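In my numbering, the protein residues as written are 31 to 236.
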């Protein structure tokens with residue numbers, strides 16, 4: 031049984047349990063925040079953030095993410111180009127970490143959130159357990175998406191030796207950071223309780 035079936039609303043701010051009444055503008059008894067049975071426009075907002083992230087994902091991979099200069103010489107490199115350079119420099123473990131954190135993780139988040147939204151909206155044959163496991167995994171891997179940005183920020187701050195060596199961030203880094211932030215916000219705006227609502231509706235239609 032869902033909390034709403036028992037006449038209980040959970041405050042989105044302080045997580046206080048409140049008894050449902052007939053008011054259209056019910057507020058939390060503790061923090062006075064507006065109460066909603068589900069996050070308003072959760073699916074629409076999540077789709078908007080996800081599609082924006084998908085658009086930015088293209089320049090994030092095509093544009094140079096950083097430029098490393100040694101003795102005045104250097105060329106911009108994309109994420110994939112940086113991975114290939116690490117492989118050629120016999121740094122396979124680091125290349126694998128960068129490839130997973132910067133390419134596989136964002137791709138999985140975009141595809142995973144898209145499938146989750148589509149399955150909830152279209153009542154696709156996917157169990158609630160499968161959907162919630164996918165959602166929790168997307169939330170968990172989100173923290174690793176910023177690895178490339180952290181590395182670039184540290185290199186830009188630390189590696190500064192005039193004409194000898196320097197590291198500068200490029201537009202690809204800004205686009206990639208935007209993709210990561212947007213997908214993190216999209217995971218937050220999606221209301222996982224819709225998974226269970228959707229499952230109940232599927233059971234009724236069965």
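Just so you know, even glycine gets a beta-carbon here, dropped at the ideal spot from N, CA and C.
The structure presented is a predicted model; accordingly, all values stated were derived computationally and were not measured.
Item                                                                                                    : Value
Where the beta strand (DSSP E) containing residue 38 begins and where it ends                           : 38-40
Cβ-based neighbour list, residue 115, same chain, cut-off 8 Å, excluding 5 preceding and 5 following    : 107
Nearest to residue 206 (by Cα), restricted to the options 41, 62, 46, 88                                : 88
Integer-rounded CB distance, given that residue 216 should sit under 8 Å from residue 47                : Not really, about 27 Å apart at Cβ, beyond 8 Å.
Rounded distance between the beta-carbons of residue 198 and residue 97, thought under 8 Å              : 5 Å
Close beta carbons around residue 161, own chain, < 7 Å, minus the five adjacent residues each side     : 146, 149, 225
Buried versus exposed, by CB contacts within 10 Å (16 or more), residue 74                              : exposed
Residue 69 in three-state terms, based on DSSP                                                          : coil
Whole-Å CB distance - residue 133 paired with residue 125, under 8 Å assumed                            : Not quite, the Cβ-Cβ distance comes to about 11 Å (not below 8 Å), so this is no contact.
Residue 236 (DSSP reduced to helix, strand or coil)                                                     : The predicted position of residue 236 is uncertain, since its pLDDT is 38 and thus under 50; no value can be drawn from it.
Cβ separation of residue 220 and residue 72, assumed to be a contact under 8 Å, to the nearest whole Å  : 6 Å
Boundaries of the beta strand (DSSP E) in which residue 64 is found, first to last residue              : Unbroken run through residue 64: none, as it is neither H nor E.
Local conformation of residue 231 per DSSP, three classes                                               : Residue confidence is low: residue 231 scores 48 on pLDDT, short of 50, so the model does not pin down where it sits. Its coordinate-derived value is still stated next. Three-state result, residue 231: helix.
Check whether residue 143 and residue 76 have beta carbons under 8 Å apart                              : yes
Residue environment, residue 59, which counts as buried when at least 16 other CB atoms sit within 10 Å : exposed
Rounded C-alpha distance that separates residue 49 from residue 38                                      : 5 Å
Terminal residues of the beta strand (DSSP E) in which residue 49 lies                                  : 47-49
Three-state secondary structure (DSSP) of residue 223                                                   : helix
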